[in-house]
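Here is the structure we will look at, set down as structure tokens.
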Amino acid sequence: MVALAPRVSGSAWGVYWIPRALHPLAWWLWALGLAVAASRTTNPLLLGAVVGVATWVVLARRSDAPWSRAFKFYVAAGLVVVLLRVVFRVIFGGGQGATVLLHLPEFVLPQPAAGIHLFGDVTAESLLVGAYDGLRLATMLICLGAANALANPRRLLRSMPPALHELSTAVVVALSVFPQLAESVVRVTRARRLRPGSDRRGFSAIRSTVIPVLEDALDRSLLLASSMDSRGYGRSGDRSRRTSSLTAALMVTGLAGICVGVYALLDGTTPRFLAAPALATGVVVGVGGIASSGRGVTRSTYRPDRWRAPELVTVSAGLSAALLVYLTSHVDPGNLNPSLSPLSWPQLPALALFGILLGLVPAFVTPHAVGVESQRR
Amino acid sequence: MTYAWRRVASAGIALAASLLGVASPVPASPVAAAGAATAAGDFCASDTGVTVVVDMTALGGDIIVRCADGPVGAGYTGLDALGDGGFSVEGTENYGLAFVCRIEGQPTEARSLTIPGNPGYHEECATTPPQSAYWAYSFAPNGGSWTYSSAGAANHAAIPGGFEGWTFSYGEPAGAKATPDLAPQLPAASTSPTKPPRPTSSGGGQSTGPTPPPTSTDTGPSTSAPSPYPTRHPITASSTASDAPTTGQPTTEPPTTAPSTSSAAAPTQTSGQSGGAAGAHGGQHGGPGVGSGAGGVHTRSAPPSDLAQPKTTVGQADGQVQVTSELPGPTEQGSGSAAPTVIGLGVLVVLGLGAGLTAWWRSRRA
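Those protein sequence lines, which keep their order, are chains A and B.
Residue numbering for the first sequence follows the working numbering, starting at 66 and increasing by one per position.
Residue numbering for the second sequence follows the working numbering, starting at 31 and increasing by one per position.
Okay, here's the thing in structure tokens:
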């Protein structure tokens, strides 16, 4: 794979392989495609394949940037999710299913608690239900982690259209909080180890980690704020006070309308006029607000990201994974959600597996990240 | 929140649900399936059992009454009773039998249910069924009244000699606590199914009913009794039908009557036996074109649109037997072989190795 990456440029083929960071949006679309694929199934084989594909691509194409190291924290979070689900099934499982693995004493809560049973027989069925469900959530989490590890969050923010900048600022800041924190923890812990007398444990160890991490986060956000400020973010431009308050009012009203509309759509007991009409109104008002906020906003961009062939390859790999799993859910739904009553081996829907494996393509046919190998110690 | 809890409480259930095709032997004769609310041996004769009442009238079906022999004792839950009664039960994919999603294969996935906010809802049994179309669980002592259970069936101890009720709550106002439309009253002690049969409407109405005479596919000792409610019957017949699709149920218990001609085989409606059911529904039957004297007794009329059973095939007109294909998908996937799982694990191992090699190669080059 890497032998295919000649250092010569000039030909289109050579240009294709020049090491560079892919457009962050491409990585995000790829990862979201995998996450959508994962959300359609509880088949542990398919979910495991999604995790494997995401991990492989991350290991092959991540850069040395701080946010790239956060991937393992997402994997750890996924493991915790699965474990928690299984533990909850043991505690509240109530012994459904026939395959009893372990006998535990059973406690029945008194009548006010509506006869909730604690513990009781632990069955393979209930454990597997918990594990499958947890694995699905964990897989989606890991897909997000992959996107965060591969895409530069600040570049992502930069490539958003100006009209969306208020929304996207919030979204990008929210998305990059966890990787930044994780990176801070790694750095602070390493620094603490290098210091003498660092073998403290327990509470003091936590204190000596948490405070530097928080301070680090504050410093970093100030730095980010100033760098955004210098590029025109957060500046109201030539807008008058009236325009900006109008924009804010439109945005808030639109968001509220969207929330009410979505809730009413999903909850059948809400009056119907709150459903689709409220949603449509919310969308219209929100779009008005976005358009109003985008007017007159100017940003300067240093070395803008280009959308080239590798980005197309990446995006189509992710989207085809989602598409093929979605198609399988119409053709072969049973194998996407393996039966647990009766207990059966998970089957392997070929189409869905093929789609997920297509997600591996970016690990081979995208250019390397910038200067990864050269900057290593 | 409250709705959710109520659903949780009412839909809870637990028993190794076989999918429809693997229903345990059903003590219902084909005739019973043909629309009688009470089939032979339906109500429990002793106090050690519990009578299970499944009311699918909201789906255009019937009220099925069967006896779970028990013995009902400590730890014998409503879910156990449902399974013991020979009902096939299907839970949800996410929560297993914590929620009863289908009983006797109903509602089918193919069926379009109208629920608030979603007029074309199809029950896929992936997650909790909607509160406007779900199996409501209730219980009652003999001679008492129905109580909508606040606990799930898996957590509720069945009452010896009592009743367990399952009502498909559909088309009810929000928050309705549906209970079976049948008084929880065991018939008098003489209800053993040895009484002389009283022909149902299907028997009598064969010649006059709008349906064609039965096709000849029934070969069982008790031939089917065609009924004037042809399309409704597949619903209740589904489990029996899937048990013995071709033979017209020579299986299980023969109807209480001696095997007889096709027109007579309605063992069920002995007057005493059917007291409760008939009383409950007496005024309500009569679908379009009901044969009069016959009394298709316990079936209630239902809107014709409800009756559509798209998958049913030939024998529908006879009222029961040939409904095997009614539930298409799930029966095939009982317990798959482990081979695809092994292949899948192999793929996972390859993926893991590849990722590891990539990482190793990159760190070596660095």
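Every residue, glycine too, gets a C-beta built ideally from N, C-alpha and C.
Please read all numbers here as calculations on a predicted model, not as lab measurements.
Item                                                                                                                   : Value
Under 8 Å (Cβ pairs) to chain B, residues found in the region 408-421 of chain A                                       : 408, 409, 410, 411, 412, 413 and 418
Chain-ordered residues of the region 132-157 of chain B with a beta carbon less than 8 Å from chain A                  : 145, 146, 147, 148, 154 and 156
Cβ-based neighbour list, residue 125/A, same chain, cut-off 6 Å, excluding 5 preceding and 5 following                 : 428
Assigned secondary structure, residue 432/A (DSSP; H/G/I helix, E/B strand, else coil)                                 : coil
Per DSSP, cross-strand counterpart(s) of residue 172/A                                                                 : 183/A
CA-to-CA distance, residue 151/A to residue 194/A, given in whole angstroms                                            : 8 Å
Ranges of the beta strand (DSSP E) found wholly within the region 145-216 of chain B, counting only runs of at least 3 : 148-152, 163-170 and 193-200
Start and end residues, alpha helix (DSSP H) containing residue 128/B                                                  : First-last for residue 128/B: undefined, no H or E at that position.
Residues from the region 185-206 of chain A in contact with chain B, defined by Cβ distance under 8 Å                  : 190, 191, 194 and 198
Chain-ordered chain B contacts of residue 132/A [CB-CB under 8 Å]                                                      : Correct list: empty, because the minimum Cβ distance to chain B is about 17 Å.
Residue 177/B at chain A interface by Cβ criterion, 8 Å                                                                : no
For residue 352/B, three-class secondary structure by DSSP                                                             : Since pLDDT at residue 352/B reaches only 33, below the 50 mark, its modelled position is unreliable, and the value read off the structure follows with that caveat. Looking at residue 352/B - three-state DSSP - the assignment turns out to be coil, as it is neither helix nor strand.
Chain B contact for residue 237/A (CB, 8 Å cutoff)                                                                     : no
Close beta carbons around residue 177/B, own chain, < 7 Å, minus the five adjacent residues each side                  : 168, 169 and 170
With 16 other Cβ atoms within 10 Å as the buried cut-off, status of residue 76/B                                       : exposed
Touch test, the region 337-355 of chain A against the region 309-324 of chain A, Cβ-Cβ under 8 Å, three pairs minimum  : yes
Three-state secondary structure (DSSP) of residue 104/A                                                                : helix
Start-end ranges of the alpha helix (DSSP H) lying completely within the region 268-315 of chain A, minimum 4 residues : 268-295
Selection from 420/A, 434/A, 425/A and 431/A that minimises the alpha carbon distance to residue 105/A                 : 420/A
Residue(s) in a DSSP beta bridge with residue 98/B                                                                     : 80/B
Which residues DSSP lists as bridging residue 13/B, in chain order                                                     : Any question about residue 13/B goes unanswered here, given that chain B covers just 31 to 396.
Buried versus exposed call for residue 369/A [16 or more other C-beta atoms within 10 Å across all chains shown]       : exposed
Delimiting residues of the beta strand (DSSP E) encompassing residue 426/A                                             : Where residue 426/A is concerned, there is no enclosing beta strand (DSSP E), given that its DSSP letter is neither H nor E.
Exposed unless 16 or more other CB atoms sit within 10 angstroms - verdict on residue 390/B                            : exposed
8 Å Cβ shell around residue 327/A - same chain, five flanking residues per side excluded                               : 344
CB contact below 8 Å: residue 125/B versus chain A                                                                     : yes
Closer than 8 Å to chain B by CB, residue 431/A                                                                        : no
C-alpha gap between residue 91/B and residue 190/A, whole angstroms                                                    : 32 Å
Where residue 134/B sits in the DSSP three-state scheme                                                                : coil
Simplified DSSP assignment, three categories, for residue 378/B                                                        : helix
Cβ contact (3+ pairs, closer than 8 Å) linking the region 173-193 of chain B and the region 205-219 of chain B         : yes
Bridge-paired residues (DSSP) for residue 85/B                                                                         : 93/B and 197/B
Simplified DSSP assignment, three categories, for residue 166/A                                                        : strand
Amino acids of chain B, ordered along the chain, whose beta-carbon sits closer than 9 Å to that of residue 114/A       : 374, 377, 378 and 381
Neighbouring residues, chain A, relative to residue 367/B (Cβ below 7 Å)                                               : 410
Length of the line joining the Cα atoms of residue 396/B and residue 129/A                                             : 11 Å
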